[in-house]
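Positions in the sequence shown are counted from 1; adding 887 to them yields our numbering.
Idealized CB from N, CA, C, for every residue including glycine.
It should be emphasised that the depicted structure is a prediction, and the values quoted were computed from it without experimental measurement.
Structure, as structure tokens:
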Amino acid sequence: IDLICAELLNKVHDTNLTHKLVVTGKDPIPVEITSETTTERHDLLTHQEEADVIIVQQMAMLAFSGTEAISVVSDDTDVFILLLHFYAELGLSCCLIMESTGSDRTLIDIPATLEKHSEMIPNLLAMHCLSGCDTVGQMYGIWKGTALKAVMAGYSLSKLGCVDATIVDVVSEATLFMGHCFGSNKEDMSDVRVEMWAKMMSKKRLTSASELKTLPPTSEAFAQNVRRAHFQAAIWRSAMSPHPPDMDATQYGWSKNEDSKTLVPVTIPSGVPLAPLYILEMIKCGCSSQDPCRNARCRCDAAHLPCTFFCACHSGPHACNNSFNRQSPENEEIEDDNGNNEEESLPEQF
């Protein structure tokens, strides 16, 4: 982005601009470029980092300045949701069109969409976050239509993204919402998981067990996803502020990877076993090639579980490529003088 912004600022005077171009890069003060001059736009100052948020900020600035017709060129669903949310929240009345970047130039009339679906708008932003967006994983089999039905059924997500709400209340509200999406009214996601498993296994003509990915997540895994949704929703709700909320991402479902300088989603909290040890011993893969367990075709690796000596690869240190077989020194098995295991522990959580 820095390279693109620098190129625009350096080369713009070589072209004949017929309009104004506002460049928003790393600097919190955007720069307005015309065919003759460049000007710092202090009125558009922002410390927000997401392009989606900045788009909505500048749309609102234009609307408040008296602009009667605004076109936002984007194909991003997140931008569409934000435009609907803030058009309603700010009480705007201008003509606002969302325009596709494709050759067909599909147009979405934001005010008309808002008028047609006004009853779902208050929970739309939070619903979109929780049911899957650019930074939050989607529950397997729970599509946007299913989530919208939960909104229409009266299930609220008013606490998601509100910085004053406790994470316990946020997770509790989200559990009821997502439980309804799975067809349950349980208040604990692990209970929803058990209920769904019982329904699947009670079918009269059942020929095989359902895949685990079709089940709801456990309470521990779901809570981490809710934290990420809460963090993202809080950023979106602050779109009209020049500053994002003062929240530490590592407290909301993310961990830092110092090598790649990126945030990595936490699938399950540290110290929580992926499954009881006796269950892990029952799961095995059939990888028997010369280079086994290298990809998601390995059942153990796909389930984020280590291979064991029950597997076809025999979990040999020089054969098996399952990354979840790596153990820290403190988690290695201890053997007594007779070669028997005195203590067994799960692989280190990632």
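Using only alpha-carbon positions, find the residue among the options that is nearest to residue i.
i: residue 927; options: 915, 935 and 893; result: 915
i: residue 1075; options: 897, 1022 and 1059; result: 1059
i: residue 1021; options: 963, 1153, 1048 and 1046; result: 963
i: residue 1073; options: 1090, 1125, 1195 and 1106; result: 1106
i: residue 1125; options: 1013, 1154 and 1212; result: 1013
i: residue 1190; options: 1201, 1172 and 1146; result: 1172
i: residue 1069; options: 1035, 1091 and 1095; result: 1035
DSSP puts residue i in a beta bridge; with which residues?
i: residue 1068; result: For residue 1068, which the question treats as bridged, DSSP gives no partner whatsoever.
i: residue 1194; result: Its beta-bridge partners do not exist; DSSP assigns none.
i: residue 1152; result: 1141
i: residue 1053; result: In the DSSP output, where bridge partners are listed per residue, residue 1053 has none listed.
i: residue 925; result: 920
i: residue 1035; result: Residue 1035 pairs with nothing; no bridge assigned.
i: residue 1082; result: Bridge partners of residue 1082: none, in fact.
i: residue 1045; result: None; residue 1045 has no bridge partner.
i: residue 981; result: Note: residue 981 sits in no beta bridge, so no partner.
i: residue 994; result: 986
i: residue 957; result: 983
i: residue 909; result: 919
What does the alpha-carbon distance come out to for the pair residue i and residue j?
i: residue 925; j: residue 933; result: 18 Å
i: residue 961; j: residue 988; result: 6 Å
i: residue 919; j: residue 1101; result: 50 Å
i: residue 1003; j: residue 959; result: 20 Å
i: residue 1062; j: residue 897; result: 51 Å
i: residue 903; j: residue 922; result: 6 Å
i: residue 1099; j: residue 1176; result: 25 Å
i: residue 1130; j: residue 935; result: 6 Å
i: residue 906; j: residue 986; result: 18 Å
i: residue 1057; j: residue 1113; result: 8 Å
i: residue 955; j: residue 980; result: 8 Å
i: residue 893; j: residue 937; result: 19 Å
i: residue 1083; j: residue 1115; result: 24 Å
i: residue 1006; j: residue 1136; result: 32 Å
i: residue 890; j: residue 1147; result: 20 Å
Does the beta-carbon distance from residue i to residue j come in below 9 Å?
i: residue 997; j: residue 971; result: yes
i: residue 957; j: residue 983; result: yes
i: residue 1017; j: residue 975; result: no
i: residue 947; j: residue 1048; result: no
i: residue 1103; j: residue 1066; result: yes
i: residue 1127; j: residue 977; result: yes
i: residue 1015; j: residue 965; result: yes
i: residue 1046; j: residue 1052; result: yes
i: residue 908; j: residue 968; result: no
i: residue 1152; j: residue 1111; result: yes
i: residue 1134; j: residue 1050; result: yes
i: residue 1142; j: residue 1150; result: yes
i: residue 1170; j: residue 1184; result: no
i: residue 1078; j: residue 1071; result: yes
Using 10 angstroms around the beta-carbon of residue i, count the other beta-carbons present and answer buried if the total reaches 16, otherwise exposed.
i: residue 993; result: exposed
i: residue 1193; result: buried
i: residue 944; result: buried
i: residue 830; result: Nothing can be reported for residue 830, as the shown portion of the chain is limited to 888 through 1237.
i: residue 1239; result: Look at the range of the chain in this structure, 888 to 1237, and you will see that residue 1239 is not part of it.
i: residue 1188; result: buried
i: residue 1144; result: exposed
i: residue 1030; result: exposed
i: residue 1209; result: buried
i: residue 1093; result: exposed
i: residue 1027; result: exposed
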